[in-house]
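Trainee: Can you keep this structure in mind? I'll have questions shortly.
In full-length UniProt numbering, the protein residues as written are 1 to 518.
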């Protein structure tokens, strides 16, 4: 194996560690600010108001998810050029050739960045009708109890505006993601999280001191403050960079070497086709990930919805602060490693082997963390709850739900990292097959949730159990994709009860049974 192919995985690991550290910083700061603001806000709110705030959050996430997620995932497969090093070696002792090669690479990089910028405008185009339609349907289907919440309609309009402002930052985010500008992203997103916390807390405390029933308005203003800080921060960080590297954040025509690869000289045919295949899968995935909120909104009271939202926010802190950054940075790395067409066979094999090793290492670490979380988490929850929260939340029902959520988090972590790999590695045809399987899993989840919530009358606790069932069924297509990677790497990924995938899964299963029984 050549020296360059040996160095490549090392460089990738260094870049991954650098990027992951900043992504974790974003999540830690953001969740700390959210936690601190919640400590102030929740003392003045009832579970019913928090339940309505959950509806607004579901609307906000649905608009953003259906508008931008397929575009973000597709543009990860449009990396900037990485051939500068090899080009320099080929042009040694020839300054004129070196200058030409550097100019060609700079032009290719600019074209690649303009491609992802142009694609990001599709998210804005999708978001405008989606925000209006979903707001209309939501108001039409909302119960009288929800509609009578103070400032509900005004808050819904503010959240819709926040969605459009946040979608306007997609051209910036596309380049940040492509060029792995994690430091810039950390600065902008932590500032935005601070702005959201300040806005939410200020309005809540002001309303409480003035005996003013603000309802869910503080949460809506928090979304707007976050979006405004995002667009200001990214504009400040990124506009000068685009001029330096010869691309624009506006929707501009591209002058590629092969015009047939673009539609209207602006949109990549390959990325459009990939995004279209992803969209169907992401629709089903959204119903799986947000299905719990939808089902609770349909079959349970606002109090149950508020309690589940509380458990989800606090129980999922570790998942959002640690697991989510690892998933995001790993997906970005795997998109580069497993979608290269200009490498020789040895380099390609080294990249696949590096991806396999990285994935297995994460799964092994997750298995160890699962044992710790399931072993001590349920016992720590009651102590933390009594110490931190107000009188509204000190109940056996909340404690039991948080303890059950500790058993759900390891399943969430394993499924998240394998899904990150699958989204980076599989072909459009595989995506369509996965979408079909996910449709079946969605139906299974809906049936299980209905039975546990209504027939068994387990309330929010039943929904946690339904989520665990859903994660287990959803995990099987990801295992199949891992087998494909093992074949590509010419290695045995699976060793029953050993250090491979089956051994990791056996550890997780043992930990889950221990946590649920004990």
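Cβ atoms here follow ideal geometry from the backbone N, Cα and C, with glycine treated the same way.
In this structure, what does DSSP give as the bridge partners for residue 263?
Mentor: Here residue 263 is taken as the residue at index 263 of the chain shown, counted from 1. According to DSSP, residue 263 bridges with 267.
Trainee: Would you call the CB atoms of residue 51 and residue 302 closer than 8 Å?
Mentor: Position 51 of the chain shown, counted from the first residue, corresponds to residue 51. Position 302 of the chain shown, counted from the first residue, corresponds to residue 302. It is a contact, given that the beta carbons lie within the stated cut-off.
Trainee: Go ahead and label residue 455 buried or exposed: buried means 16 or more other beta carbons lie within 10 angstroms of its beta carbon, across all protein chains shown.
Mentor: One-based indexing of the chain shown puts residue 455 at position 455. Exposed: under 16 other Cβ atoms inside 10 Å.
Trainee: Would you list, in sequence order, the uninterrupted beta strand (DSSP E) runs of no fewer than 3 residues that lie entirely inside the segment 238-262?
Mentor: List check, beta strand (DSSP E) in window: nothing returned.
Trainee: Using DSSP with H/G/I as helix, E/B as strand and the rest coil, what is residue 277?
Mentor: In the chain shown, the residue the question calls residue 277 occupies position 277. It is helical.
Trainee: For residue 73, which three-state DSSP category applies?
Mentor: Here residue 73 refers to the residue found at position 73 of the chain shown. Here residue 73 sits in helix by DSSP.
Trainee: Indicate whether the contact test is met: 3 or more Cβ pairs, each with one atom in the segment 260-275 and one in the segment 198-205, closer than 8 Å.
Mentor: The segment 260-275 vs the segment 198-205: no contact.
Trainee: Here's the rule I'm using: 16 or more other beta-carbon atoms within 10 Å means buried, otherwise exposed. How should residue 467 be labelled?
Mentor: The residue given as residue 467 occupies position 467 in the chain shown. Looking at its Cβ environment, which holds 16 or more other Cβ atoms inside 10 Å, residue 467 is buried.
Trainee: Tell me whether the segment 37-44 and the segment 327-346 touch, counting them as touching only if at least three CB pairs, one residue from each stretch, are closer than 8 Å.
Mentor: Contact fails: fewer than three Cβ-Cβ distances are below 8 Å.
Trainee: Would DSSP call residue 113 helix, strand or coil?
Mentor: Within the chain shown, the letter at position 113 stands for residue 113. The answer is helix: DSSP assigns residue 113 an H, G or I state.
Trainee: Counting along the chain, where does the alpha helix (DSSP H) carrying residue 184 start and finish?
Mentor: The residue given as residue 184 occupies position 184 in the chain shown. Here the alpha helix (DSSP H) through residue 184 covers 182-209.
Trainee: Near residue 446, which residues of its chain fall below 8 Å by C-beta distance, leaving aside the five closest residues on each side in sequence?
Mentor: The residue labelled residue 446 in the question sits at position 446 within the chain shown. Only 291 and 295 meet the Cβ criterion.
Trainee: How many angstroms separate the CA atom of residue 152 from the CA atom of residue 188?
Mentor: Translated into the one-based positions of the chain shown, residue 152 becomes position 152. Translated into the one-based positions of the chain shown, residue 188 becomes position 188. Distance between the alpha carbons of residue 152 and residue 188 is about 29 Å.
Trainee: Which residues in the same chain as residue 275 place their Cβ atom closer than 7 Å to its Cβ, once the five residues preceding and following it in sequence are excluded?
Mentor: Position 275 of the chain shown, counted from the start, is the residue given in the question as residue 275. Around residue 275: 70, 71 and 74.
Trainee: Could you check the C-alpha separation between residue 244 and residue 195 for me, to the nearest Å?
Mentor: Residue 244 sits at position 244 when you count from the first residue of the chain shown. Residue 195 sits at position 195 when you count from the first residue of the chain shown. Residue 244 and residue 195: Cα-Cα distance of roughly 30 Å.
Trainee: If the criterion is Cβ atoms closer than 8 Å, does the pair residue 249 and residue 172 meet it?
Mentor: Residue mapping note: residue 249 aligns to position 249 of the chain shown, counting from 1. Residue mapping note: residue 172 aligns to position 172 of the chain shown, counting from 1. It is a contact, given that the beta carbons lie within the stated cut-off.
Trainee: In terms of residues, what are the limits of the alpha helix (DSSP H) holding residue 316?
Mentor: On the chain shown, position 316 is the one that residue 316 refers to. Per DSSP, residue 316 belongs to no alpha helix (DSSP H) and is neither H nor E.
Trainee: Thinking C-beta only, is residue 156 closer than 8 Å to residue 135?
Mentor: In the chain shown, counting from the first residue as 1, residue 135 sits at position 135. In the chain shown, counting from the first residue as 1, residue 156 sits at position 156. In contact: residue 135 and residue 156 (Cβ atoms closer than 8 Å).
Trainee: Hey, would you say residue 22 sits closer than 8 Å to residue 183, going by beta carbons?
Mentor: One-based indexing of the chain shown puts residue 22 at position 22. One-based indexing of the chain shown puts residue 183 at position 183. Yes. Within cutoff.
Trainee: In this structure, does DSSP put residue 151 in helix, strand or coil?
Mentor: For the purposes of this step, residue 151 is identified with residue 151 of the chain shown, where counting begins at 1. Residue 151 falls in the coil class under three-state DSSP.
Trainee: Going straight from the alpha carbon of residue 240 to that of residue 334, what length do you get?
Mentor: In the chain shown, residue 240 corresponds to position 240, counting from 1. In the chain shown, residue 334 corresponds to position 334, counting from 1. Whole-angstrom Cα-Cα distance: 29 Å.
Trainee: Specify the secondary structure class of residue 213 as computed by DSSP and reduced to three states.
Mentor: The sequence position of residue 213 within the chain shown is 213, counting from 1. In this structure, residue 213 counts as coil in the three-state DSSP scheme.
Trainee: If I'm right that residue 25 touches residue 66 with Cβ under 8 Å, what's the distance once you round it to whole angstroms?
Mentor: To locate residue 25, count along the chain shown from 1; it is residue 25. To locate residue 66, count along the chain shown from 1; it is residue 66. That pair is no contact at about 29 Å.
Trainee: With DSSP run on the structure shown, which of helix, strand or coil describes residue 179?
Mentor: The residue given as residue 179 occupies position 179 in the chain shown. Coil, per DSSP.
Trainee: How many Å lie between residue 363 and residue 104 at the Cα?
Mentor: The residue given as residue 363 occupies position 363 in the chain shown. The residue given as residue 104 occupies position 104 in the chain shown. Cα to Cα, residue 363 sits roughly 40 Å from residue 104.
Trainee: With a CB to CB cut of under 7 Å and the five nearest residues on each side skipped, what residues in its chain are close to residue 361?
Mentor: As a position in the chain shown, residue 361 is number 361, starting the count at 1. Result list for residue 361: empty, nothing under 7 Å.
Trainee: Is the beta carbon of residue 175 closer than 8 Å to that of residue 55?
Mentor: Counting from one through the chain shown, the residue named residue 55 turns up at place 55. Counting from one through the chain shown, the residue named residue 175 turns up at place 175. The answer is no: Cβ separation not under 8 Å.
Trainee: Mapping the DSSP letters down to three states, classify residue 326 as helix, strand or coil.
Mentor: Residue numbering aside, residue 326 sits at position 326 when the chain shown is read from its first letter. DSSP places residue 326 in helix when its eight states are reduced to three.
Trainee: Does DSSP put residue 79 in a helix, in a strand, or in coil?
Mentor: Taking the chain shown and counting its residues from 1, the one referred to as residue 79 is at position 79. Coil.
Trainee: Which residues in the same chain have their Cβ closer than 6 Å to the Cβ of residue 126, if we skip the five residues on either side of it in sequence?
Mentor: Sequence index remark: in the chain shown, residue 126 carries index 126 (1-based). Contacts found: 67.
Trainee: How would you write the range of the alpha helix (DSSP H) that residue 447 sits in, first residue to last?
Mentor: Translated into positions along the chain shown, residue 447 becomes position 447. 428-450 is the extent of the alpha helix (DSSP H) around residue 447.
Trainee: Can you tell me which of the three DSSP states residue 470 falls into?
Mentor: Numbered from its first residue, the chain shown carries residue 470 at position 470. Reduced to three states, the DSSP call for residue 470 is helix.
Trainee: State the start and end residues of the unbroken alpha helix (DSSP H) segment that holds residue 398.
Mentor: On the chain shown, residue 398 is found 398 positions in, with the first residue counted as 1. Where residue 398 is concerned, the enclosing alpha helix (DSSP H) stretches over 396-425.
Trainee: Is residue 292 helix, strand or coil when you go by DSSP?
Mentor: Numbered from 1 along the chain shown, position 292 holds the residue referred to as residue 292. The answer is helix: DSSP assigns residue 292 an H, G or I state.
Trainee: What is the rounded straight-line gap between the Cα of residue 408 and the Cα of residue 469?
Mentor: Looking up residue 408 in the chain shown gives position 408. Looking up residue 469 in the chain shown gives position 469. Cα to Cα, the separation comes out at about 10 Å.
Trainee: Nearest to residue 122 by alpha carbon, out of 464, 272, 373 and 330?
Mentor: Here residue 122 refers to the residue found at position 122 when the chain shown is read from its first residue. Selected option, being the one with the closest Cα: 272.
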